[in-house]
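Residue numbers (the working numbering): 6 to 689. Beta carbons: idealized from backbone N, C-alpha and C, even for Gly. Note that the structure is a prediction, hence the values are computed from the model and not measured.
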């Protein structure tokens with residue numbers, strides 16, 4: 006749909022001016038997250054982007070365009086330059102740009118700061134879980150994760166601090182995106198004159214979003230030159246042509262039995278046959294696969310380099326032969342923030358960069374220098390089994406839309422090549438067109454609790470983005486919340502105080518009992534190192550130093566307690582950070598992950614204090630019973646009954662080999678998640 010000529014202007018923003026006095030955390034020092042050369046001509050670069058010629062056509066729009074066309078960085082700048090934030094007050098108005106992942110919010114904010122010659126945290130900033138970097142009264146554009154904007158609505162249901170809301174990467178159809186679409190549409194009906202929404206998608210299938218907004222009846226505010234009220238177009242569709250170099254796509258002639266091994270072979274084939282200055286991006290399904298391939302590539306590189314030097318001895322008076330250098334970097338959601346940002350380093354002409362990533366790299370962010378893409382053809386997704394009331398992490402074939410997104414990573418700077426580790430017949434006949442929305446295949450307990458906390462009591466009337474979640478899944482989620490005590494049985498409304506407390510903790514800790522122990526467990530991830538070089542050390546420490554027969558949760562808390570004590574002891578003795586790193590290496594602990602867990606624990610403690618909940622330090626070594634009780638209250642719907650040693654009645658599952666309880670007979674067990682490994686279900 007093309008906007009008529011008389012609409013090619015911005016409507017006058019509303020006059021309402023609210024004062025906000027909420028306290029905000031101190032803004033951290035600006036960090037250089039970009040790697041562009043000094044003196045880069047950003048103005049010329051921006052004018053060349055496909056979005057530039059559409060910059061005056063924003064009312065309520067759905068914008069489609071390939072990743073890299075400038076949607077995420079340029080559209081917020083255009084509406085800022087158009088004067089929508091002219092009537093500033095101490096806390097707003099702002100332009101909010103939502104992103105599905107933390108790394109996208111961070112890097113996009115840094116990119117805009119670099120383009121505009123702004124300081125990160127001043128005119129442009131970001132807002133992610135447990136961390137904010139913006140200055141009220143100074144900041145204009147805030148990049149944030151989807152969940153943070155929903156969290157904002159608990160304090161300000163009409164989002165009056167925001168004049169423009171851009172929902173980015175909506176094609177991913179996460180639960181958060183679906184909730185935001187319904188909630189923002191509701192707000193838009195209440196604020197038709199001073200709020201505009203931009204819905205941005207990297208796929209061409211925009212009709213679902215266009216149809217969703219067609220029933221909006223927005224009236225244009227009276228203008229002093231035109232006293233006639235006229236209806237605005239409820240939605241406009243703008244398609245932005247991408248600037249893509251040609252990309253050649255190659256398929257396997259026969260299916261591969263191991264795409265991880267095939268990925269390694271493909272990487273070295275490209276590395277040895279192609280000139281330097283062109284980087285490689287590999288897509289795998291999980292953190293474990295990424296870590297495995299990174300170490301396999303490093304080991305293989307060392308072996309090939311040694312063999313090359315043996316077969317190409319140096320000659321007197323001549324330049325020494327040189328095996329082309331290689332830098333391998335992982336990228337996945339659980340990776341510490343500073344390690345994620347390493348993949349955005351400026352490409353080097355003397356060293357090839359290989360990024361091994363999950364689908365985090367599929368959208369939202371553009372990695373510089375990528376010329377070759379290796380696509381395993383699979384993705385790990387959540388899948389909800391309504392029959393047993395459990396979520397599973399299932400490895401399934403990637404959709405055609407996602408495969409095309411991955412292919413689009415190549416060809417940004419020059420002609421690209423994509424190596425799909427599956428046959429062309431599989432692409433044509435086996436891959437689905439799109440990935441099913443997350444609301445169709447996930448537990449909806451947290452989503453329903455969010456809606457209830459925002460005053461949406463009649464779930465049947467909530468305006469879900471089609472397709473709507475299955476009625477059975479909604480019913481099971483409501484039943485679980487009633488049993489947890491979060492909802493009243495008779496009215497279905499949020500209970501007081503328990504329901505309100507759980508809703509407040511939901512963003513930080515997930516659905517669990519409002520206790521310090523359960524909250525802390527939500528922060529513990531990747532406690533032990535997973536690299537092949539230290540795996541034996543980590544396994545030995547897990548069992549001998551920190552192991553507890555009461556389960557992995559208590560074992561991980563033991564490790565966290567030991568880490569905190571060692572940190573305090575070495576700080577007091579002047580040992581410093583390097584001494585702590587050596588200790589972590591000796592016992593196989595992930596120091597960065599544990600440090601972040603302590604950081605999150607302190608943030609959660611503040612939430613408990615605000616909600617006047619008792620905070621009891623989790624000391625499992627002394628008494629694990631309170632923690633176990635908290636787990637049972639939080640995951641009571643997921644108990645296991647023992648069959649044969651090591652197997653359980655639910656779905657013929659068995660324990661993950663990495664868990665402490667593997668090969669140990671136990672009478673009962675509480676299940677937290679159900680990952681599927683190579684078509685076999687394991688408990689964790």
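Distance cut-off 6 Å: residue i Cβ against heavy atoms of the ligand ADP
{"i": "residue 65", "result": "Absence of the ligand ADP is noted for the structure shown, with no ligands found whatsoever."}
Assigned secondary structure, residue i (DSSP; H/G/I helix, E/B strand, else coil)
{"i": "residue 517", "result": "Caution is warranted here: a pLDDT of 47 is assigned to residue 517, below 50, making its placement in the model unreliable, and no coordinate value can be reported."}
{"i": "residue 288", "result": "strand"}
{"i": "residue 38", "result": "The predicted model places residue 38 with a pLDDT of 47, which falls under 50 and marks its position as unreliable; any figure quoted below should be read in that light. Residue 38: coil per DSSP, three-state reduction."}
{"i": "residue 364", "result": "helix"}
{"i": "residue 262", "result": "coil"}
{"i": "residue 335", "result": "strand"}
{"i": "residue 463", "result": "coil"}
{"i": "residue 65", "result": "coil"}
{"i": "residue 166", "result": "coil"}
{"i": "residue 617", "result": "coil"}
{"i": "residue 658", "result": "Confidence at residue 658 is low in this model, with a pLDDT of 46, below 50, so the placement of that residue should be treated as unreliable; the coordinate-derived value is given next. Three-state result, residue 658: coil."}
{"i": "residue 130", "result": "strand"}
{"i": "residue 249", "result": "coil"}
{"i": "residue 103", "result": "strand"}
{"i": "residue 313", "result": "helix"}
{"i": "residue 679", "result": "Residue confidence is low: residue 679 scores 47 on pLDDT, short of 50, so the model does not pin down where it sits. Its coordinate-derived value is still stated next. Residue state, collapsed to three classes: strand."}
{"i": "residue 533", "result": "strand"}
{"i": "residue 159", "result": "helix"}
{"i": "residue 376", "result": "strand"}
{"i": "residue 189", "result": "helix"}
Minimum Cβ-Cβ distance from residue i to chain B less than 7 Å
{"i": "residue 328", "result": "Here there is only one protein chain, and chain B is not present."}
Reference residue i; option with closest CA among the options
{"i": "residue 400", "options": "501, 315 and 382", "result": "382"}
{"i": "residue 569", "options": "465, 548 and 607", "result": "607"}
{"i": "residue 405", "options": "377, 417 and 434", "result": "434"}
{"i": "residue 100", "options": "88, 108 and 107", "result": "88"}
{"i": "residue 567", "options": "421, 589, 498 and 578", "result": "589"}
{"i": "residue 532", "options": "562, 505, 584 and 549", "result": "562"}
{"i": "residue 387", "options": "396, 72 and 379", "result": "396"}
{"i": "residue 333", "options": "344, 260, 339 and 534", "result": "344"}
{"i": "residue 110", "options": "491, 93, 146 and 183", "result": "146"}
{"i": "residue 254", "options": "175, 421, 199 and 586", "result": "421"}
{"i": "residue 458", "options": "265, 165, 128 and 500", "result": "500"}
{"i": "residue 389", "options": "442, 380 and 417", "result": "442"}
{"i": "residue 427", "options": "555, 456, 123 and 265", "result": "265"}
Whole-Å CB distance - residue i paired with residue j, under 8 Å assumed
{"i": "residue 445", "j": "residue 474", "result": "7 Å"}
{"i": "residue 439", "j": "residue 364", "result": "The Cβ separation is near 14 Å, so there is no contact."}
{"i": "residue 282", "j": "residue 354", "result": "4 Å"}
{"i": "residue 250", "j": "residue 292", "result": "No, residue 250 and residue 292 are not in contact; Cβ-Cβ is about 31 Å, not under 8 Å."}
{"i": "residue 452", "j": "residue 180", "result": "5 Å"}
{"i": "residue 203", "j": "residue 171", "result": "4 Å"}
{"i": "residue 423", "j": "residue 252", "result": "6 Å"}
{"i": "residue 414", "j": "residue 275", "result": "About 14 Å; that fails the 8 Å criterion."}
Unbroken alpha helix (DSSP H) run spanning residue i, endpoints
{"i": "residue 566", "result": "557-577"}
{"i": "residue 480", "result": "476-489"}
{"i": "residue 81", "result": "76-86"}
{"i": "residue 470", "result": "It is not in any alpha helix (DSSP H) - residue 470 carries neither H nor E in the DSSP assignment."}
{"i": "residue 200", "result": "Unbroken run through residue 200: none, as it is neither H nor E."}
{"i": "residue 397", "result": "Run containing residue 397: none in the alpha helix (DSSP H); it sits in the beta strand (DSSP E), 395-402."}
{"i": "residue 213", "result": "212-218"}
{"i": "residue 432", "result": "429-434"}
{"i": "residue 457", "result": "450-458"}
{"i": "residue 405", "result": "405-412"}
Residue span of the beta strand (DSSP E) that contains residue i, given as start and end
{"i": "residue 138", "result": "136-138"}
{"i": "residue 384", "result": "383-390"}
{"i": "residue 118", "result": "Residue 118 -> not in any beta strand (DSSP E); alpha helix (DSSP H) instead, spanning 107-121."}
{"i": "residue 149", "result": "146-150"}
{"i": "residue 281", "result": "Per DSSP, residue 281 belongs to no beta strand (DSSP E) and is neither H nor E."}
{"i": "residue 425", "result": "421-425"}
{"i": "residue 703", "result": "No statement about residue 703 is possible, as the shown extent of the chain runs from 6 to 689 and does not include it."}
Same chain, Cβ closer than 7 Å to residue i, five either side skipped, listed in chain order
{"i": "residue 481", "result": "391 and 394"}
{"i": "residue 402", "result": "382, 383, 435 and 436"}
{"i": "residue 195", "result": "163"}
{"i": "residue 302", "result": "269, 272, 333 and 359"}
6 Å Cβ shell around residue i - same chain, five flanking residues per side excluded
{"i": "residue 221", "result": "239"}
{"i": "residue 373", "result": "352"}
{"i": "residue 186", "result": "470"}
{"i": "residue 299", "result": "333, 335 and 361"}
{"i": "residue 108", "result": "345"}
{"i": "residue 330", "result": "356"}
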